[in-house]
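The numbering of the sequence shown is full-length UniProt numbering, which starts it at 1 and goes up by one.
For glycine and all other residues, C-beta sits at the position ideal for the given N, C-alpha and C.
The structure displayed is predicted, hence computed values, not measured ones.
Everything on this sheet refers to the single structure shown next.
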Amino acid sequence: MASPEVSVEYADVLVVGGGPVGLVTAYQLARNLSHSNHCIRIIEQHAKSSQDQYGRAITLFPRSSEMLDQLGLADSLAHQAFACRETVNFDSHGNEVEGRGWAFMQNMKDTQWDFALVLRQKYQEDVFRKAMKKEGVEIQAPYALTDIQVLQDVKPGDYRILATIEHGETRVKSIVKCRYLVGADGGKSFVRRAMKIPFDGSSTEDKWVRIDGVVETNHPKPRSYCAIESPTHGNVLWAALDRGATRIGFAFTSERQKAYKEFNEEAAVQEAIASVQPFSLKFKQVDWWTIYIVGQRIARSFFVDDCIFLAGDACHTHSSGAAQGMNTGIHDAVNLGWKLSLVIQGLASPALLHSYEAERLPNVRRLIDYDKAISRLMTMQLPENWTGDPKADPNEVLGKVMAEAAPFSSGLGIYYEQDGYLNVSAPQTEHISTMSTPKPLTPAQTHALFDILIHHQVYAEIEAFKYPATIDQYGYPFRKADGVQSTSPLLQNMLNKFALCNPAIRNFGEAWWSEKIQTLVARMAEAELSESYDKGAIGSRKALATAASSIAEYVARGMLGGYSRARTNEGKKEYDTSKPEDVIQGFEELVHESIYGNALDDLCEKVKATPRLEDHSSSLQAAHEYMLLNAASFLHHVFVMSPDGQYLVRLLENLHRLIPYTVIKQTLRVGNAATMINGMVRLVLAKLSVTAMTNWIGLTNNTNDGMNLLQQIISTVLAWDTSEFQKRASKLETSRNAPDKKVFKAIKTFVYASREKHEAARSQSISESKSIVAVILETADPPYKIDAESLNEHQHSVAMEYLSTYLSIRDREELTKVLCKSNPDVLTSTIRDAVAAMDPVIRAIHNAVDLSGTVTDAEAFITDLIKTAKPKKKGGYRSRDASKSRPSSPDPASIMDQEASDAPTVEEFVQLLKKHAPSMHKFLHQVTKNAPDLADDYLVYAKRIFSEFRVDQRALEAEERGEGGAGNMTAPLHSIFETLSKEKQEELKELLDKHEKHLKHLKSTSQSRLESIMRPTPSSSQNNNGTTHGPGMYLARWNALLDSTLISPATIHGPVRRGWEVKGELDGKGLKTNTTLLSDRPSKRDRVSAMMADGTGDRIERKERKRDGLEEESMEVVWESLRDGWVGVCRGLEIMGPD
1 MASPEVSVEY
11 ADVLVVGGGP
21 VGLVTAYQLA
31 RNLSHSNHCI
41 RIIEQHAKSS
51 QDQYGRAITL
61 FPRSSEMLDQ
71 LGLADSLAHQ
81 AFACRETVNF
91 DSHGNEVEGR
101 GWAFMQNMKD
111 TQWDFALVLR
121 QKYQEDVFRK
131 AMKKEGVEIQ
141 APYALTDIQV
151 LQDVKPGDYR
161 ILATIEHGET
171 RVKSIVKCRY
181 LVGADGGKSF
191 VRRAMKIPFD
201 GSSTEDKWVR
211 IDGVVETNHP
221 KPRSYCAIES
231 PTHGNVLWAA
241 LDRGATRIGF
251 AFTSERQKAY
261 KEFNEEAAVQ
271 EAIASVQPFS
281 LKFKQVDWWT
291 IYIVGQRIAR
301 SFFVDDCIFL
311 AGDACHTHSS
321 GAAQGMNTGI
331 HDAVNLGWKL
341 SLVIQGLASP
351 ALLHSYEAER
361 LPNVRRLIDY
371 DKAISRLMTM
381 QLPENWTGDP
391 KADPNEVLGK
401 VMAEAAPFSS
411 GLGIYYEQDG
421 YLNVSAPQTE
431 HISTMSTPKP
441 LTPAQTHALF
451 DILIHHQVYA
461 EIEAFKYPAT
471 IDQYGYPFRK
481 ADGVQSTSPL
491 LQNMLNKFAL
501 CNPAIRNFGE
511 AWWSEKIQTL
521 VARMAEAELS
531 ESYDKGAIGS
541 RKALATAASS
551 IAEYVARGML
561 GGYSRARTNE
571 GKKEYDTSKP
581 EDVIQGFEEL
591 VHESIYGNAL
601 DDLCEKVKAT
611 PRLEDHSSSL
621 QAAHEYMLLN
631 AASFLHHVFV
641 MSPDGQYLVR
651 LLENLHRLIP
661 YTVIKQTLRV
671 GNAATMINGM
681 VRLVLAKLSV
691 TAMTNWIGLT
701 NNTNDGMNLL
711 QQIISTVLAW
721 DTSEFQKRAS
731 KLETSRNAPD
741 KKVFKAIKTF
751 VYASREKHEA
761 ARSQSISESK
771 SIVAVILETA
781 DPPYKIDAES
791 LNEHQHSVAM
801 EYLSTYLSIR
811 DREELTKVLC
821 KSNPDVLTST
831 IRDAVAAMDP
841 VIRAIHNAVD
851 LSGTVTDAEA
861 FITDLIKTAK
871 PKKKGGYRSR
881 DASKSRPSSP
891 DPASIMDQEA
901 SDAPTVEEFV
911 QLLKKHAPSM
921 HKFLHQVTKN
931 APDLADDYLV
941 YAKRIFSEFR
951 VDQRALEAEE
961 RGEGGAGNMT
971 APLHSIFETL
981 SKEKQEELKE
991 LLDKHEKHLK
1001 HLKSTSQSRL
1011 ESIMRPTPSS
1021 SQNNNGTTHG
1031 PGMYLARWNA
1041 LLDSTLISPA
1051 TIHGPVRRGW
1061 EVKGELDGKG
1071 LKTNTTLLSD
1081 RPSKRDRVSA
1091 MMADGTGDRI
1101 ERKERKRDGL
1111 EEESMEVVWE
1121 SLRDGWVGVC
1131 RGLEIMGPD
């Protein structure tokens, strides 16, 4: 609700956007409704003085003119416009060719407006604004819409919309409480994005240029609508404009673009002159010019929540090839305006409003289909679905397509399907959405399909970051070339919706993202860290990437599909945290009420009042128990069950030893926030080297000035690893029965070769079913080229291990270069700028909390985490557990230090979290109590995040009819699925049924494991071995990605393996590649270490991993069949800029 200082105003309709569509809509409403009883408001983000002086849309076809005539606007437009009655088409030699291009315009009959009105948008808007002002409504600018809330408990037709608007200059905010809202705010519509309406479609790499001005020419018919068939610029538009001006429009191909480092007005004039050859052209005056990307997009819905509409470019964008943009928008405005007027006056049922989408959406789809063909033909390309002569002349085909589309383009042939909203004797109350039709998938099948597509899409986006180009195609907030579609739409959505609005992050400028983070990510990709396939086992990067994906896919699924509004169980008054069913139900109630209720407000108030969990409601305690158990399960899986778990423990321990906790705590005790922040920045980021000193004095200006403390810690840990691997490599080279030295030389050369060389070898290994080492040796340059058949089995194993070891060495060298030795040092400046941007948040926390004590708590937690994650002796003591504090020695930790026999259990991690949870509770209590402004900011942030998981009204209605399965994404999934052949649909339905059973089994298994953890502990510890498998379906989804990973064949000739076949093998980290160095009789310590690397050697674990891996493989068919359509849907979700 509004705070007292924010004014609240009321309106029947708020129109957002002051272009032709918004103006015509607002004008109609003002004209039809009583001024004394109704209020219409229209806002525009930009002051008119800052908008393009001329430019944009120019052509009104007959049907648009007829509609505007009915509204009393056409005469005013005609008085200023150029009336175009003649068209002409010239070939590349300047010869007139009949029946092509715009010839259809000469055959627009059966209307008094049998010509096109050509008037630049600036002048059209002037006419509309003056007419609207006469009706008592004036546009308010500059005002931007910044937030929309729909009050679900207020019935449709009442004031259920809270629209926050902000003045562009004074930044004063106010709230408009309205009954209906019309989003006519253009292709980057805030309304569409705020209502989470996907914008399906795509863009091309084609760019078009439009330039207006007064010209001199030898063109024989300059005052006409003309097409010139240019061999270099496509089908060029020559359009006579009002006031004696002319517009030239042409395709600007990628080849032409290469000639310009910067495309400016001068370049646009030069290209325009070249495009109209053989005719001469000289610009006496340039009024306006633009360059833009060609693409087609359509909003999935034009009417949502029974109160919010989209119109014009806000719900459909396309090329200007057929001059349909403004005409289609005018049709939207007129169709919506009269219906909304009748409903507001009570002269028609609100159900009439649903006919707006039912009528306009099919016609927009027809337009999009035509435009896809026309826009390609205008760039001298045949349509994508072209089945005719592949050598056909695009100009000739264009003439035929435009003639075919003439009734639609002129607007005179547009029709609406018969519906039940008009000419009915009784008020209609049923929504179109309730008219049930047979669905292609059952809810269970839809749920399974949604799971598969999200699962594959999220991981595909994460995996793509191994290529440098990925970050350049990511989208906002990173820099992306115009017209390039995001290749990471789901990740981009999550970053924008969940991270960029974080109070601590929202002040990071666009330069920070595009110049700092984008550079770091690109450098990491350029480093080309090693692949699991080459190593012969699952690498750390693969394990971490798949872990991130398994969690991100749940967020993405909730973001797109929403969390069901229906309650599966009624809430209880009291919950027992010792009962698994109560714990699960308590968590579900917390999530549901956080999304649809007031749980976040209640939680914030309670946390502010007390740090004790016991003082909270029983439902919150149950939810807390559920989250704690799952967090413990996740930590156990990461550090114990995952293939690189013990290596990660060792890495964490090394980092823990090097962090100067004492100095950090002393710095944090400084009372003045500014001094404390400055001290911490100096401690962590200051560089201590001779070069840094001479730079500071001014004697030198070398950007490579050594390393700071953070980089020293990173490089030291990586150096310790590298040293161990180099020792291992030396042992392999000198081992008994080792292969020829040429083998090692060839492998070393390959490791440091280019990405192209690595990918070629990998591809050959897969296609020929040969080990990667065999391919390396056989494709090496002389003198290292060796016949792989000359190696025996043992020598081949040594070579494989040597490759894995050297890949690990190179990985660490590259990481050190990127993070610690790059020039310029982007990492340091990135952190420094981030701290500066987070200054207000850091100050608030410093004033509210004893940060020194917080660091002490964190240090104790990490110390206990490392101890818990290590295997224990039979006697129950941890290996190397001589001290309860962290070791003070700077020497590296080693997995070989372990002398153990029992793997840690999930219950031990549960006890770890229960021990340290009060520290987190205390921290949150102090922040909310002592920094109320910051707490309020984070409460708003939390509400915003949880609002992203709401399902819309249509999804709820579908769910109630038993037609759901994927929430908000049910209808799009059904649409994609229906594009497949009947035979393919039946094939995939069987797989979807199988996958749904698999998901149910995973859920059942997760719940049973939760119950096993919560079982009362027997009095004798000897009877309780603990649990080695924790709850969480996401763990199975993680394993599925790992277990389906392709791995090099183990022998010279052999099948490519999958991750589940090699889970226990080692990959060059810690003990992960020492199999050939072990004696024939490995020690107990070696066996235990191998067991830990193999997920404790559990038979159940191996069986489940094989099952998950095979399930992942079988579902590849579903992904491949629907990938293109699904990726198109996801790309329609791209967020173009800040809210």
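- By the CB criterion at 8 Å, V294 and S375 fall inside the cutoff.
- Cβ-Cβ separation between R1123 and Q485: approximately 15 Å, too far for a contact (criterion under 8 Å).
- Leaving aside the five residues that flank V927 on each side, the residues in its chain whose CB is nearer than 7 Å to its CB run, in chain order, I845, A848, V849, L934, A935.
- Between the segment 396-407 and the segment 236-249 there are fewer than three C-beta pairs closer than 8 Å, too few to call the two in contact.
- Distance from G183 to P142 at the Cβ level is roughly 17 Å; contact not present, criterion being Cβ atoms closer than 8 Å.
- The criterion of a C-beta distance shorter than 8 Å is satisfied by Y941 and C501.
- Rounded to the nearest angstrom, the Cβ distance from R557 to I714 is 35 Å, too far for a contact under 8 Å.
- In this chain, the alpha helix (DSSP H) harbouring Q518 covers 518-526.
- Taking all protein chains in view, the Cβ of Y10 is surrounded by fewer than 16 other Cβ atoms within 10 Å, so the residue is classified as exposed.
- Straight-line measurement puts the Cα of D69 at about 7 Å from the Cα of D75.
- If you keep only unbroken alpha helix (DSSP H) runs of at least 4 residues inside the segment 612-691, you get 618-636, 645-658, 661-668, 673-685.
- Taking a 10 Å sphere around the C-beta of N363, we find 16 or more other C-beta atoms and assign the residue as buried.
- The three-state reading of DSSP puts H233 in coil, since its state is none of H, G, I, E or B.
- Contact between G312 and G329 holds, since their C-beta atoms are separated by about 3 Å, short of 8 Å.
- DSSP lists no bridge partner for N823.
- The three-state reading of DSSP puts V276 in coil, since its state is none of H, G, I, E or B.
- Taking T546 as reference, the option from A351, P643, E96, G388 with the minimal CA-CA separation is P643.
- For W513, there is no enclosing alpha helix (DSSP H), as DSSP gives it neither H nor E.
- Partner residues in a beta bridge of D69, as assigned by DSSP, do not exist.
- Cβ-Cβ distances below 7 Å link H38 to D12, I344 in the same chain, with the five nearest sequence neighbours on each side left out; the list follows chain order.
- For the pair of segments examined, the segment 758-773 was found not to touch the segment 817-831: the number of CB pairs separated by less than 8 Å stays below three.
- Listed in chain order, the alpha helix (DSSP H) elements of length 4 or more contained wholly in the UniProt domain "PX-associated" (438-557) are 443-463, 469-472, 489-494, 518-526, 532-535.
- Closest by C-alpha distance to R366, out of V24, R223, D332, I414, is I414.
- Here the segment 601-613 does not lie against the segment 579-589, with fewer than 3 beta-carbon pairs under 8 Å apart.
- No Cβ-Cβ contact shorter than 8 Å links E229 with D371.
- Within the DSSP bridge table, the entry for C1130 names no partner.
- In chain order, E461, Y474 place their CB closer than 6 Å to the CB of S488, counting only its own chain and leaving out the 5 sequence neighbours on each side.
- In this structure, L710 keeps its C-beta atom at 8 Å or more from the C-beta atom of V743.
- Under the three-state reduction of DSSP, W289 is assigned to strand.
- Sixteen is the threshold: when 16 or more other Cβ atoms of the shown chains lie within 10 Å of the Cβ of T246, as they do, the residue is buried.
- When C-alpha distances from E801 are compared across A869, R565, A834, Q726, the shortest belongs to Q726.
- About 5 Å separates the CB atoms of A522 and P468; that is less than 8 Å, so the two are in contact.
- Annotated as proximal: F949 and G562, with beta-carbon spacing under 8 Å.
- The beta carbon of S532 sits closer than 6 Å to those of I538, G539, K542, T1045, all from its chain and outside the five residues before and after it, given in chain order.
- S280 counts as exposed, since fewer than 16 other C-beta atoms from the protein chains shown sit within 10 angstroms of its C-beta.
- If you keep only unbroken alpha helix (DSSP H) runs of at least 4 residues inside the segment 316-401, you get 325-344, 354-377.
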